[in-house]
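In the numbering used here, the protein residues as written are 30 to 206. By construction, the Cβ of each residue, glycine as well, lies at the ideal position given by its N, Cα and C atoms. Below is one structure; the comments refer to it alone.
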Amino acid sequence: MTSVPRARTFLAIGSASVVVTLGALALTTSATEGCYTHACDATSASIGLGPDGGIVGTGEVVARDSNFVWWESVPLVPPDGGTWTPHFPMESVTFYFPPASIPPNATVYSYAPYEAAETDAQVNNVNGAGNIDEFSDITTTSITVLNDTCALYYLRVVVTFQLPDAGPAQATDASPD
């Protein structure tokens, strides 16, 4: 009976492990090539500018009362054939509000992004956060959102403005009387 020396067995098993590991690495690298090519180069888009570069606005004011104005970039349920705004990898999107829709002396009260990985966003979406939605340049005329990832998402933004004469937000009284 002949036996294989332990060193040869160890080398054979070790070599097979290296081959399997390198193979898995090669498959993973090709599957995630988007972040290693120019597919993730930074880009920008402005939505709501006219052909002459003037602001025509996008989205709509969906509600207004004596205290607040609410603007949305696209309805929760878009019209037939519509989708939320495609938010490409490493893209900054600036939404310009319709002129005169937000008083210049209003204050940005809150803003919320909603992201979806599919075009039927109204069915399956989450509040955006982290690298998917990085906000900058938030004013009464526009808001900019950066998708700092290498993935395509569909974006909807809602901004609430507090009107200047509204005073501070009032707490509600939940007492039974």
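Tell me the residue span of the beta strand (DSSP E) that contains residue i.
{"i": "A129", "result": "Note, A129: premise wrong, no beta strand (DSSP E); not H, not E."}
{"i": "A71", "result": "Premise fails: A71 is in no beta strand (DSSP E) and is neither H nor E."}
{"i": "E89", "result": "E89 to R93"}
{"i": "N176", "result": "S171 to N176"}
{"i": "P142", "result": "T136 to A145"}
{"i": "L105", "result": "No beta strand (DSSP E) contains L105, which DSSP labels as neither H nor E."}
{"i": "L192", "result": "Careful: L192 lies outside any beta strand (DSSP E) and carries neither H nor E."}
{"i": "F124", "result": "E120 to Y125"}
Quick check: the Cα distance between residue i and residue j, rounded to an integer number of angstroms?
{"i": "Y143", "j": "D81", "result": "30 Å"}
{"i": "T168", "j": "V137", "result": "7 Å"}
{"i": "C237", "j": "E120", "result": "Outside the modelled stretch of the chain, which goes from 30 to 206, sits residue 237, for which no answer is possible."}
{"i": "Y183", "j": "A146", "result": "6 Å"}
{"i": "G83", "j": "T170", "result": "12 Å"}
Looking only at its chain, what residues have a beta carbon closer than 7 Å to the beta carbon of residue i, apart from the 5 residues adjacent to it on each side?
{"i": "V103", "result": "G88, W113, T114 and R185"}
{"i": "W180", "result": "The question names Trp, yet the displayed sequence has Ala at residue 180. Once the five neighbours on either side are set aside, the close Cβ partners of A180 are P118."}
{"i": "V188", "result": "W100, V137, Y140 and I172"}
Of the residues the options, which one's Cα is nearest the Cα of residue i?
{"i": "S75", "options": "E147, A146 and F124", "result": "F124"}
{"i": "A129", "options": "D194, L175, V98 and N156", "result": "V98"}
Looking only at its own chain, which residues have a Cβ that is under 6 Å from the Cβ of residue i, when we skip the five neighbours before and after it?
{"i": "S165", "result": "T173"}
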